[in-house]
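**Q** Handing you this structure, nothing more for now.
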Amino acid sequence: MKKRHGIAAAVAATLVITSTTASADSNLGAFAVGAAVGALINNQVGKNQRKKSSQQRSGASSYQRQQNREVQAALNGFGFPVGTVDGALGQRSRAAIANYQSYMGYQPSGYLDDYQRGQLVGAHQRLQAGGGAAYPEVVANEGTKGLLKAFNDPSYADRYRGGINNGQQQGVYNDQGAVARAAVGGGQVAGGQDQPLAFAPLAPLNQAPTASMASHCELVAGMTQANQGVILASNVRDPEQALGEQFCEARSFAMTQSQGLAAQAGQTDAQLAAACTQIADALEPASSQIGTGDVKLVATQAQQVTNTIFQGNMDTASGYGQICLGLGYRQDDAKMALGGATVMLATGQMPYAEVMGHHTRWGFGATASPAASTSWYQTALSSMEQGAQPVFVPSKTAERNAVIKASITGGAGGGGLAPLQASGSNGGLALPALNLGNN
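Residue numbers (our numbering): 174 to 612.
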């Protein structure tokens, strides 16, 4: 306990915020969930003041320019040329955006909404990580822009692979270009050869959990491809795959959101990772209990520790929680991601309980317990039914919630888990009133 208190004290010392600096920067006023993260660390205050002065001279915030550069780099990478990546969205950039929107079936306005931007930048990150190797036939036929559709719907590549033959499913490529599954009937996989081979259906994901969240999502994507599309709420016959698809979509959304927040915070990934590691260590007494499914216990412990770390400033806590969640996913660090989600729970944003459900279901940074995961999923769903703001892919909230609900209740296809009762030992949504300002 003394060691944990020491960690919490160290983190608190690191994360002191200068409120006057944060409030002076109007660019932070409309920040997602009110997170004032412009001056998260003391030694950043002077840098932020200098940056603000520079922003006033240039007429545009460095955060906005960084976002614009990400968009321009992504457009160039997918064959919608904008020229120099300078952070200024001029006529050429607007035309490229409109071409991208038209290609994806959106209204070609030349101005990206948050979802379109997240999809574009997230796909570019995946391209840079080597994800294009999974779809060589798409690139051969359409160039890199085809990956935008393939990443969004893995079954898109089937048009070039010949679809499903004789009842056998197409092979799944991994990001190194090798076939992920051997052929049915004793076929061999030649190392490094990019050719589709039929494979046996994947075992239920919870029977063979993987320590890597990234690898887990590659398996989920492979099964989505074999199924020729994502599972819908009206046809949930494989709850593990359905929930896996929702986890991986939430993971991608969190990574994109985290990068935007990190850019605004003005810290390097290394600096933020160090802080997020400390936060995760300090929150471990709470996050280690998620496998019990006891929502009250985890929320209460998390709130107490978070109050100490952030000195009662829950706006700052919320900013860091979102950053650490996405950074943990980008670095494939389950403990860091779970620590970020636990902070969000402590701030009273109960839709983040979905993260606890996913992590508990497959043992990412927690003891695997599919049964305990149900209480977390139900807590997230109930909170949104009662008016809480969605936190993952807001434009698809109704669809995502319906899939999760059908998966855990056995509705619309059977095979799900028994529904959670609203009252009982796990507490459901009957949380104590969280004191967000004082211990």
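The beta carbon of each residue, even a glycine, is placed where N, CA and C say it ideally should be.
Could you name the residues of the same chain whose beta carbon sits closer than 8 Å to that of L445, not counting the 5 residues immediately before and after it, in chain order?
**A** In the sequence shown, residue 445 corresponds to position 272, counting from 1. Closer than 8 Å at Cβ, skipping near neighbours: A435, A438, I496, C497 and L500.
**Q** Tell me where the alpha helix (DSSP H) around N163 begins and ends.
**A** A query on residue 163 cannot be resolved here, the shown segment of the chain reaching from 174 to 612 and no further.
**Q** Using alpha carbons as the reference points, say which of S282, F253, S388 and Y276 lies closest to G304.
**A** Along the sequence shown, read from residue 1 onward, the residue named residue 304 stands at position 131. Checking every option, the nearest Cα to that of G304 belongs to S388.
**Q** Do the CB positions of C449 and C421 come within less than 7 Å of each other?
**A** Counting from one through the sequence shown, the residue named residue 449 turns up at place 276. Counting from one through the sequence shown, the residue named residue 421 turns up at place 248. Their beta carbons are not under 7 Å apart, which means C449 does not touch C421 by this criterion.
**Q** Thinking M428 and G295 are a contact (beta carbons under 8 Å), I'd like their distance in whole angstroms, please.
**A** Walking along the sequence shown from the start, residue 428 turns up at place 255. Walking along the sequence shown from the start, residue 295 turns up at place 122. About 7 Å separates the two Cβ atoms, so the contact holds.
**Q** Would you give the residue range spanned by the alpha helix (DSSP H) that I496 belongs to?
**A** Residue 496 sits at position 323 when you count from the first residue of the sequence shown. Here the alpha helix (DSSP H) through I496 covers M487 to R503.
**Q** Kindly list the residues whose CB is nearer than 8 Å to the CB of G252, restricted to its own chain and excluding five residues on each side of it in sequence; keep chain order.
**A** Reading the sequence shown from its first residue, position 79 is the one you call residue 252. These residues qualify, in order along the chain: G316, T317 and K318.
**Q** The alpha helix (DSSP H) with M509 in it runs from where to where?
**A** The residue labelled residue 509 in the question sits at position 336 within the sequence shown. A507 to A519 is the span of the alpha helix (DSSP H), which, as asked, contains M509.
**Q** Could you tell me the alpha carbon to alpha carbon distance between Q462 and E527, rounded to whole angstroms?
**A** On the sequence shown, position 289 is the one that residue 462 refers to. On the sequence shown, position 354 is the one that residue 527 refers to. Going by the C-alpha atoms only, they are around 15 Å apart.
**Q** What did DSSP end up calling R410 once you bin it into helix, strand or coil?
**A** As a working mapping, residue 410 is identified with position 237 in the sequence shown. Correct three-state label for R410: coil.
**Q** Only counting the same chain, and skipping five residues up and downstream in sequence, which positions put a Cβ closer than 8 Å to that of T540?
**A** Numbered from its first residue, the sequence shown carries residue 540 at position 367. Around T540: G464 and T533.
**Q** Return the chain-ordered list of same chain residues with a C-beta closer than 7 Å to the C-beta of P563, the five sequence neighbours on each side being excluded.
**A** The sequence position of residue 563 within the sequence shown is 390, counting from 1. Correct list, in chain order: P524, M557 and T570.
**Q** Quick one: residues in its chain with C-beta nearer than 8 Å to the C-beta of V255, no 5 flanking neighbours on either side, listed in chain order?
**A** The count along the sequence shown starts at 1 and reaches residue 255 at position 82. These residues qualify, in order along the chain: Q245, L248, N249, R265, S266 and A269.
**Q** Express the C-alpha separation of G417 and Y273 in angstroms, rounding to a whole number.
**A** Indexing the sequence shown from 1 puts residue 273 at position 100. Indexing the sequence shown from 1 puts residue 417 at position 244. Taking the straight line from one Cα to the other gives about 28 Å.
**Q** Kindly indicate which residue of Q237, M517 and L300 has the alpha-carbon position closest to the one of V471.
**A** Indexing the sequence shown from 1 puts residue 471 at position 298. Here the closest residue by C-alpha is M517.
**Q** Taking the alpha helix (DSSP H) that I452 falls in, what are its first and last residues?
**A** Looking up residue 452 in the sequence shown gives position 279. First-last of the alpha helix (DSSP H) with I452: D442 to A455.
**Q** Tell me which residues share the same chain as V478 and place their Cβ nearer than 8 Å to its Cβ, disregarding the 5 neighbours each side in the sequence.
**A** In the sequence shown, residue 478 corresponds to position 305, counting from 1. Taken in chain order, the residues that qualify are A181, A455, L456, P458, A459 and A519.
**Q** Determine the closest residue to Q398 out of D326, M277 and Y502, with distance taken between C-alpha atoms.
**A** Numbered from 1 along the sequence shown, position 225 holds the residue referred to as residue 398. Measuring from the Cα of Q398, the nearest candidate turns out to be D326.
**Q** Do A323 and A313 have their C-beta atoms closer together than 7 Å?
**A** In the sequence shown, counting from the first residue as 1, residue 323 sits at position 150. In the sequence shown, counting from the first residue as 1, residue 313 sits at position 140. No, Cβ-Cβ distance for A323 and A313 is not below 7 Å.
**Q** Taking the alpha helix (DSSP H) that M396 falls in, what are its first and last residues?
**A** Mapped onto the sequence shown, residue 396 falls at position 223. Its alpha helix (DSSP H) spans residues M386 to A399.
**Q** Could you give the C-beta distance for I581 and T547, rounded to a whole number, given that I count them as a contact under 8 Å?
**A** Residue mapping note: residue 581 aligns to position 408 of the sequence shown, counting from 1. Residue mapping note: residue 547 aligns to position 374 of the sequence shown, counting from 1. At roughly 5 Å, the Cβ-Cβ gap stays under 8 Å, so I581 and T547 are in contact.
**Q** Starting from Q617, trace the alpha helix (DSSP H) in both directions and tell me its first and last residue.
**A** Residue 617 falls outside the range modelled here, since the chain spans only 174 to 612, and no answer is possible.
**Q** Distance check for N400 and S431, CA to CA, integer angstroms please.
**A** For the purposes of this step, residue 431 is taken as residue 258 along the sequence shown, with counting starting at 1. For the purposes of this step, residue 400 is taken as residue 227 along the sequence shown, with counting starting at 1. Cα to Cα, the separation comes out at about 30 Å.
**Q** Which of the three DSSP states is assigned to G402 in this structure?
**A** On the sequence shown, position 229 is the one that residue 402 refers to. Looking at G402 - three-state DSSP - the assignment turns out to be coil, as it is neither helix nor strand.
**Q** Just mark Q476 as buried or exposed, buried being the case when its beta carbon has 16 or more other beta carbons within 10 Å.
**A** Taking the first residue of the sequence shown as 1, we reach residue 476 at position 303. When all chains shown are included, Q476 counts as buried.
**Q** In the DSSP assignment, the alpha helix (DSSP H) including Q239 goes from what residue to what residue?
**A** Position 66 of the sequence shown, counted from the start, is the residue given in the question as residue 239. Taken as a continuous stretch (DSSP letters only), the alpha helix (DSSP H) holding Q239 covers S235 to G250.
**Q** Taking the beta carbon of D488 as the centre, do at least 16 other beta carbons fall within 10 Å, making it buried, or is it exposed?
**A** Within the sequence shown, numbered from 1, the residue matching residue 488 stands at position 315. So D488 counts as buried.
**Q** Cβ of G513 within 7 Å of Cβ of G494?
**A** For this step, residue 513 is matched to residue 340 along the sequence shown. For this step, residue 494 is matched to residue 321 along the sequence shown. Going by C-beta atoms, G513 is nearer than 7 Å to G494.
**Q** Which of the three DSSP states, helix, strand or coil, is assigned to G232?
**A** Sequence index remark: in the sequence shown, residue 232 carries index 59 (1-based). Per-residue confidence for G232 stands at a pLDDT of 45, beneath the threshold of 50, marking its modelled position as unreliable; the derived number appears in the next sentence. In the structure shown, G232 sits in coil (DSSP, three-state: anything other than H, G, I, E or B).
**Q** Is it the case that the CB of G439 approaches a heavy atom of the ligand NAD more closely than 6 Å?
**A** The ligand NAD is not among the ligands present in this structure, which contains no ligands whatsoever.
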